[in-house]
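Okay, structure first, notes after.
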Amino acid sequence: MCGIAGIWKPRYRGNELREIAYSMAQALMHRGPDDGGVWISNDSGVCLAHRRLAVVDLSPEGRQPMRSRCGRYVIAYNGEIYNYLDLRQELEHAGAVMSWRGHSDTEVVLAAIAHWGIESALQRFTGMFALAVWNDANKTLHLARDRIGEKPLYYGVVDGGVVFASELKALRRHPGWRENVDRASLSLLLRYSYVPTPRSIYSNIYKLVPGSLLTLTAVELRDLALLNSEFQKGKVSIYWSAIDVARNAPRVGYTGNEQEAEEELHEKLLSAVRGQMISDVPLGAFLSGGIDSSTVVALMQAQSAHPVRTFTIGFQEEEYDEVKHARAIARYLGTQHTELYVTPADALSVIPQLPTVYDEPFADSSQIPTLLLSRLARAHVTVSLSGDGGDELFGGYNRYFWGGRLWRKFRYVPLSLRRLIASGISAISPLTWNIVTGRLRSLMPAEVRDGNVGDKLHKLAGVLPSADSDAMYETLVSLWERPSEVVRGCPMLSESSRFAMLAHGVSRFEQRMMLVDLLTYLPDDILVKLDRAAMSVSLESRLPFLDHRVVEFAWRLPFHYKIRHDVGKWLLRRVLCRYLPRHLFERPKRGFGIPLDSWLRGSLRDWAENLLDPVRLRQEGFLEANPIRRAWEEHLSGSRNWQHHLWGVLMFQAWLEKIR
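In this text, residue positions in the sequence shown follow the working numbering: the first is 9, and each later residue adds one.
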């Protein structure tokens, strides 16, 4: 795992180019503390820079940027190719390579590109990566990103040249950098808690789409205005598409029975975990006690001659604590387990660092425990496997159950009547709903017996008037449903048409949600949260569920192999039963959350109050003070729980304070 950066500006030469690139790479020291390098092509004005976290082949033969044996290609690469040993053998049999300098996957990546061409090589790679390859023969720059988007890559035009890097903080080191916050991106941040790809928080800086290849030539570089327009439109070539995988699934289908499907899934996951356990440094795993992480750890332990290192964090608040579940599973599997309890003081100590760690404003509050868990793991290992991705592939999120059920029940109810019902629900405050339902708690279904019934009913009221399923999905995943009323100078934006385009050809509502989550929420929230937290402490994170062969197999499965009787991960549970008794993992799903609502009213109140000061908001000019202050006062009073809405505002404010 590493950090990459680079520039292409023909007017730059020699020392000037080297100094800029070196400074950009130094901003990524946390991603690669072990080594660094800069490569320059003076005649073309191209520079590739690299910071190295040595994981496979710790010798100098793994240094980057690396030049191919033929001399044609130079690479700066971040990630791991798990099937590199198979590719190495294939290249040897083809006579493409007679001898190797070392045993790094980087050398194999270069040889594969030189032998098969870049697009064909990308299609052969199994792994996670973001890479920049310079073709010195035809003066062409290639930027590529892995299929699901595990590794980040930003790019754009700065000071008359093309720049790219693993994180925005490297681009900000460029002397020609100018801050230009994009208000539309800010609006989307407040809606979703993240800035969706291909946007970034800055105008004219973009994220490369997962599974894509961007190729730039010297001819294109001469017209930067046109090039920036192309960047804005996201015109890249796609070498692998989750959309195509999902659309083709009914045609390809799965012809085996349930037992055969279980066996095949088991074998694919075993293979994925085995490939991701290759490491020349200490390796472990995150263990929450849930189905996904427990499956990964069970498969690791089944293939390890020694106890696997596992790590868990917990909270004193019972409703957020899963330490006892993780501890029981670790004991049963025989892992070497480490756990840490988190206090509000721990969270408070982390919060000032979040703008630097996440680099662009990011507002999934589970970023706090993820960062603390990464620090815990890094004290013992350099690589850690995680169970992320299982929810999107096998139907784990609660919205897949009750969202699908709700749409089927209400889709034929006239829209006017649904609006009337929604108005009736909204007319009663959440606090009043909580009081009323609290008296009836013993008569209510178990899944809604908590103190937030009123907020859930108001969320239901927002969902009911949806014109179609894509609009319903947008409401389900939205925080500020009308962020244009909160962001100054920003028009009303709706993403439902984009969701409809992404899920075109997938008919069942639950599967449409799963696909859009795979394309948006997973890479832009879950994977960002994990990558930035882990890499901030130089920890490499790996995700076996996101092996593309597992992803493709999951989409071939019939829907009822994933969700059955409103229970998700049906087939995955059967695989896990091979290693664990059901009572150790069968329980209601919990997110990786924190007691943010009470912390904002308590230990975090002064910090939040300073950032939400109305005078400050008006002076900065990005956010409307009135709706934010109203939400803050309602939250403090306990009449509403606006924790997630406010967290988005707070994370932007903290980020803005940090960069200015």
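Backbone N, C-alpha and C define an ideal beta-carbon position, used for all residues, glycine too.
Let me know the secondary structure DSSP gives P669 once reduced to three states.
Since the displayed the chain opens at 9 and closes at 668, residue 669 lies outside it and no answer follows.
By Cβ distance below 6 Å, which residues in the same chain neighbour S382 in space, the five residues on each side in sequence not counted?
Sequence index remark: in the sequence shown, residue 382 carries index 374 (1-based). Closer than 6 Å at Cβ, skipping near neighbours: A541, A542, V545, L547.
Which residue wins for smallest C-alpha separation from H591, given the options I433, H333, Y202, W185?
Locating residue 591 in the sequence shown gives position 583, where the first residue counts as 1. Cα-wise, what sits closest to H591 is H333.
Could you spell out the range, first to last residue, of the beta strand (DSSP E) harbouring V170?
Residue 170 sits at position 162 when you count from the first residue of the sequence shown. Where V170 is concerned, the enclosing beta strand (DSSP E) stretches over 169–173.
Return helix, strand or coil for V485, following the three-state DSSP convention.
Along the sequence shown, one-based indexing puts residue 485 at 477. Of the three classes helix, strand and coil, the one that applies to V485 here is coil, per DSSP.
Assuming contact is defined by CB atoms lying nearer than 8 Å, are H4 and L608 in contact in what I supplied?
Look at the range of the chain in this structure, 9 to 668, and you will see that residue 4 is not part of it.
When you compare only the Cα positions, how much space is there between L526 and N442?
Stepping through the sequence shown from its first residue, residue 526 is reached at position 518. Stepping through the sequence shown from its first residue, residue 442 is reached at position 434. Using only the alpha carbons, I get a separation of about 34 Å.
Range covered by the alpha helix (DSSP H) that runs through N143:
Counted from its first residue, the sequence shown places residue 143 at position 135. Counting along the chain, N143 falls outside any alpha helix (DSSP H), though it belongs to the beta strand (DSSP E) covering 135–143.
Report the rounded CA-to-CA distance for E489 versus R648, giving the unit in angstroms.
What you label residue 489 is simply residue 481 of the sequence shown in a count that begins at 1. What you label residue 648 is simply residue 640 of the sequence shown in a count that begins at 1. Between E489 and R648, the C-alpha separation is close to 16 Å.
Please report the residue range of the alpha helix (DSSP H) in which Q131 lies.
As a working mapping, residue 131 is identified with position 123 in the sequence shown. It spans 126–132 - the alpha helix (DSSP H) in which Q131 sits, taken as one unbroken run.
Please classify Y20 as buried or exposed, where buried requires at least 16 neighbouring CB atoms within 10 angstroms.
As a working note, residue 20 is residue 12 in the sequence shown. With 16 or more other Cβ atoms within 10 Å, it is buried.
Helix, strand or coil: which one does DSSP assign to Y210?
Counting from one through the sequence shown, the residue named residue 210 turns up at place 202. If DSSP states are grouped into helix, strand and coil, Y210 belongs with the strands.
Beta-carbon spacing of R60, R71 below 8 Å
Working through the sequence shown from its first residue, we reach residue 60 at position 52. Working through the sequence shown from its first residue, we reach residue 71 at position 63. Yes, the Cβ-Cβ distance between R60 and R71 is below 8 Å.
What first and last residue would you give for the beta strand (DSSP E) that runs through V82?
Counting from one through the sequence shown, the residue named residue 82 turns up at place 74. Per DSSP, V82 belongs to the beta strand (DSSP E) from 81–89.
Kindly list the residues whose CB is nearer than 6 Å to the CB of G53, restricted to its own chain and excluding five residues on each side of it in sequence; keep chain order.
Start at 1 with the first residue of the sequence shown, and residue 53 comes out as number 45. Excluding positions up to five away in sequence, the list reads K17, P18, Y20.
Residue nearest to E187 in terms of C-alpha spacing, selected from K243, I209, V391, L384
In the sequence shown, counting from the first residue as 1, residue 187 sits at position 179. For the residues K243, I209, V391, L384, the minimum Cα distance to E187 belongs to I209.
With a CB to CB cut of under 7 Å and the five nearest residues on each side skipped, what residues in its chain are close to W655?
Mapped onto the sequence shown, residue 655 falls at position 647. Excluding positions up to five away in sequence, the list reads A371, S373, L604.
Helix, strand or coil at E27 according to DSSP, with G and I counted as helix
Reading the sequence shown from its first residue, position 19 is the one you call residue 27. Looking at E27 - three-state DSSP - the assignment turns out to be helix.
Taking the alpha-carbon of A57 as reference, which of L658, A140, F319 has the nearest alpha-carbon?
The residue given as residue 57 occupies position 49 in the sequence shown. Comparing Cα-Cα distances from A57 to each of L658, A140, F319, the minimum goes to A140.
Looking at the secondary structure, which residues open and close the beta strand (DSSP E) in which Q344 lies?
Residue mapping note: residue 344 aligns to position 336 of the sequence shown, counting from 1. Here the beta strand (DSSP E) through Q344 covers 344–350.
On a CA-only basis, which of I636, K666, D42, I429 is nearest L362? Give me that one, please.
Taking the sequence shown and counting its residues from 1, one reaches residue 362 at position 354. Comparing Cα positions, the closest option is K666.
Rounded to the nearest angstrom, what separates Y420 and L414 at their Cα positions?
As a working note, residue 420 is residue 412 in the sequence shown. As a working note, residue 414 is residue 406 in the sequence shown. Approximately 11 Å between the Cα atoms of the pair.
Cβ of S394 within 8 Å of Cβ of F294?
As a first step, residue 394 is located in the sequence shown; it is residue number 386 there, counting from the start. As a first step, residue 294 is located in the sequence shown; it is residue number 286 there, counting from the start. Yes. Within cutoff.
Limits of the alpha helix (DSSP H) - the one that I433 falls within:
Counted from its first residue, the sequence shown places residue 433 at position 425. Per DSSP, I433 belongs to the alpha helix (DSSP H) from 423–434.
Could you check whether the stretch 233–242 touches the stretch 258–272, counting it as contact only if at least three pairs of C-beta atoms, one from each stretch, sit closer than 8 Å?
no
Classify K17 as helix, strand or coil using the three-state DSSP reduction.
By 1-based counting over the sequence shown, the position of residue 17 is 9. The answer is coil: DSSP assigns K17 none of H, G, I, E or B.
Looking at D154: is its Cβ nearer than 8 Å to the Cβ of V82?
On the sequence shown, residue 154 is found 146 positions in, with the first residue counted as 1. On the sequence shown, residue 82 is found 74 positions in, with the first residue counted as 1. Taking 8 Å as the Cβ cut-off, D154 and V82 do not qualify as a contacting pair.
Three or more beta-carbon pairs under 8 Å between the stretch 390–407 and the stretch 574–589, yes or no?
yes
I'd like the span of the alpha helix (DSSP H) that includes V688, first residue to last.
Since the displayed the chain opens at 9 and closes at 668, residue 688 lies outside it and no answer follows.
Extent of the continuous beta strand (DSSP E) to which V166 belongs
Against the sequence shown, residue 166 aligns to sequence position 158. First-last of the beta strand (DSSP E) with V166: 162–166.
Assign H182 to one of two classes, buried (16 or more other C-beta atoms within 10 Å of its C-beta) or exposed (fewer than that).
Translated into the one-based positions of the sequence shown, residue 182 becomes position 174. With 16 or more other Cβ atoms within 10 Å, it is buried.
Just to confirm my understanding: we take D539, look at its own chain, exclude 5 residues before and 5 after, and list those with CB closer than 8 Å. What are they?
To locate residue 539, count along the sequence shown from 1; it is residue 531. So the list reads E158, K159, P160, S549, once near-sequence residues are dropped.
Looking at G14: is its Cβ nearer than 8 Å to the Cβ of A84?
Taking the sequence shown and counting its residues from 1, one reaches residue 14 at position 6. Taking the sequence shown and counting its residues from 1, one reaches residue 84 at position 76. The answer is yes: Cβ separation under 8 Å.
When DSSP builds the beta bridges, which residues end up paired with W47?
Here residue 47 is taken as the residue at index 39 of the sequence shown, counted from 1. For W47, which the question treats as bridged, DSSP gives the partners L56.
For F567, count the other beta carbons within 10 Å of its own beta carbon; 16 or more makes it buried, fewer makes it exposed. Which is it?
Start at 1 with the first residue of the sequence shown, and residue 567 comes out as number 559. The residue in question, F567, is exposed, as its Cβ has fewer than 16 Cβ neighbours within 10 Å.
Considering only DSSP beta bridges, list what K417 is partnered with.
Numbered from its first residue, the sequence shown carries residue 417 at position 409. None; K417 has no bridge partner.
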